[in-house]
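Contents: one structure, followed by commentary.
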Amino acid sequence: MTEWNPSDPDVTSVYYDLSSWSIDHRGEVAAEMADAEIPHAWNDTELMVPEDFEQAADLLIEVVETRLGIASASDEDTADAMASGATADGGDGPQPIVLPEGAPTTEYGLEEWPAGDLATLTHALTGAGIPFRWNDRELLVGTDDEEVVDALLDEIETGEYVDVDIDADAAEQSEAAEAAGQLPFETLTTFFLAGERLQKNPLDADGLEELLAATEVADPASPPYGVQPRLWEQTCALAERLADALAGDDGPDEQEAMTAAGELHDLLRPYV
0 MTEWNPSDPD VTSVYYDLSS WSIDHRGEVA AEMADAEIPH AWNDTELMVP EDFEQAADLL
60 IEVVETRLGI ASASDEDTAD AMASGATADG GDGPQPIVLP EGAPTTEYGL EEWPAGDLAT
120 LTHALTGAGI PFRWNDRELL VGTDDEEVVD ALLDEIETGE YVDVDIDADA AEQSEAAEAA
180 GQLPFETLTT FFLAGERLQK NPLDADGLEE LLAATEVADP ASPPYGVQPR LWEQTCALAE
240 RLADALAGDD GPDEQEAMTA AGELHDLLRP YV
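Each residue of the sequence shown is one higher than the one before, counting from 0 in numbering that gives the first Met the number 0.
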């Protein structure tokens with residue numbers, strides 16, 4: 000985990016007011032932050048993270064809110080309506096529909112899913128109007144929706160699912176990166192996908208293409224928009240080690256390539 004001093008006046012931090020959360024809920028989000036290696040600190044009930052980790056923290060907090068059933072509505076009537084299975088009234092877009100207690104359910108254990116994929120799944124279920132509930136990292140949906148949810152899970156795991164809202168955010172970030180003369184955050188995602196594929200097959204054509212595309216534009220001294228410098232330096236070092244293993248004079252060192260690709264995948268998993 001990166002070194003970070005929230006008391007440093009030269010460091011920009013992002014603040015989250017969690018005063019409405021219970022002590023147990025704040026403990027849960029703190030544990031999730033630690034698991035995802037997101038630096039954080041507390042000022043009473045206010046959570047602080049470095050600015051470079053804002054995107055990852057936003058996604059993680061959203062996942063925890065949904066999983067623990069922390070109501071973001073401003074009044075009890077709305078929360079009661081959601082608990083009975085109705086949609087929340089208000090907001091700029093679709094609101095989650097909470098699966099009623101006692102309904103026939105199908106459960107999915109998603110303990111190994113990264114925070115980003117859980118957030119995408121939450122958006123997908125909400126947008127599709129599918130009632131759901133979280134029990135820790137176990138997803139519960141109505142048995143009648145099982146076929147649709149199976150398809151959503153497959154699409155998210157394979158990277159085929161397109162979340163319009165998340166894509167719109169990515170487009171805004173790309174514009175901001177271009178304006179600042181930086182690479183877009185998606186460059187980190189490209190390295191992650193390369194690691195994911197090459198750790199299984201170091202000669203995978205798509206993985207090699209993604210590795211080449213990212214390394215051609217990567218500069219260890221110039222991190223992409225929103226990426227912490229130390230994380231980017233580690234990413235570039237592992238990518239170079241992976242590329243060297245694949246381009247050896249005596250042919251590819253497949254075992255070393257798979258090892259380096261696995262380390263690259265594991266490094267970036269909490270952030271993508």
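For each residue, glycine too, the CB sits at the ideal point set by N, CA and C.
For residue j and residue i, the rounded distance between their alpha carbons
i: P38; j: P49; result: 7 Å
i: D249; j: E31; result: 44 Å
i: Q254; j: L266; result: 18 Å
i: L263; j: S221; result: 18 Å
i: L283; j: G128; result: What is shown of the chain runs 0 to 271, which leaves residue 283 out entirely.
i: T44; j: S18; result: 5 Å
i: P103; j: D9; result: 54 Å
i: K199; j: R136; result: 26 Å
i: I155; j: L117; result: 9 Å
i: F184; j: A213; result: 11 Å
i: T188; j: Q233; result: 14 Å
i: P219; j: C235; result: 6 Å
i: V140; j: D149; result: 11 Å
i: P5; j: E64; result: 24 Å
i: G89; j: A204; result: Model confidence at G89 stands at a pLDDT of 41, short of 50, so the residue's coordinates are unreliable and nothing is read from them.
i: M81; j: G158; result: Note on M81: pLDDT 35, under 50, position unreliable in the model; the coordinate value appears next. Cα to Cα, the separation comes out at about 30 Å.
i: F131; j: W3; result: 37 Å
i: P99; j: E239; result: 51 Å
For residue i, the nearest candidate out of the options (CA to CA)
i: D147; options: T125, W133 and K199; result: Reading off the sequence shown, one finds Val at residue 147, where the question assumed Asp. For V147, the nearest C-alpha among the options comes from T125.
i: H122; options: G101, R66, E110 and G141; result: R66
i: D16; options: W3, H264, L46 and R240; result: L46
i: G261; options: A29, E195 and A213; result: E195
i: D34; options: E106, W41, A212 and W112; result: W112
i: D243; options: W231, T234 and A256; result: A256
i: E53; options: G26, R229, G141 and T11; result: T11
i: E106; options: D144, G158 and T119; result: D144
i: A56; options: E100, R132 and V13; result: V13
i: F190; options: T142, T157, L241 and R229; result: L241
i: V62; options: L197, G26 and W133; result: W133
i: D7; options: I22, R229 and A40; result: A40
Own chain residues within Cβ distance below 6 Å of residue i, not counting five before or after
i: A193; result: G206, E209 and L210
i: S83; result: Residue confidence for S83 is low, a pLDDT of 38 falling below 50, so the modelled location carries little weight; the figure read from the coordinates is stated next. Contacts found: none.
i: Y160; result: E154
i: W231; result: P222
i: T142; result: P103 and T105
Distance cut-off 6 Å: residue i Cβ against heavy atoms of the ligand ADP
i: I22; result: In the structure shown, the ligand ADP is absent, as is every other ligand, since no ligand is present at all.
Span of the beta strand (DSSP E) around residue i
i: R132; result: F131 to N134
i: T104; result: T104 to G108
Boundaries of the alpha helix (DSSP H) in which residue i is found, first to last residue
i: V48; result: Not the alpha helix (DSSP H): V48 falls in the beta strand (DSSP E), residues E45 to P49.
i: L138; result: Note, L138: premise wrong, no alpha helix (DSSP H); beta strand (DSSP E) at E137 to G141.
i: Q233; result: P228 to L245
i: D265; result: E253 to L267
i: T157; result: E145 to T157
i: G206; result: A204 to V216
i: F190; result: E185 to L197
i: E100; result: Looking at the DSSP string, E100 is not in any alpha helix (DSSP H), and its letter there is neither H nor E.
i: T65; result: E53 to L67
Contact set for residue i: own chain, Cβ-Cβ below 8 Å, skip 5 residues either direction
i: V216; result: L182 and T186
i: P201; result: A244, L245, P251, E253, A256, M257 and A260
i: L120; result: L109, W112, L138, L151, L152 and I155
i: W20; result: V28, T44 and I69
Close-in-space but distant-in-sequence residues of the same chain around residue i (CB under 7 Å, 5 per side omitted)
i: I60; result: Y15 and V28
i: L237; result: A259, E262, L263 and L266
i: H24; result: L67 and I69
Any C-beta of chain E under 7 Å from that of residue i
i: D149; result: The displayed structure is made up of one protein chain only, and chain E is not part of it.
| Length at least 3, wholly inside the stretch 15–43: the beta strand (DSSP E) runs in chain order | Along the length of the stretch 15–43, whole beta strand (DSSP E) runs at least 3 residues long occupy 40–42, reported in chain order.
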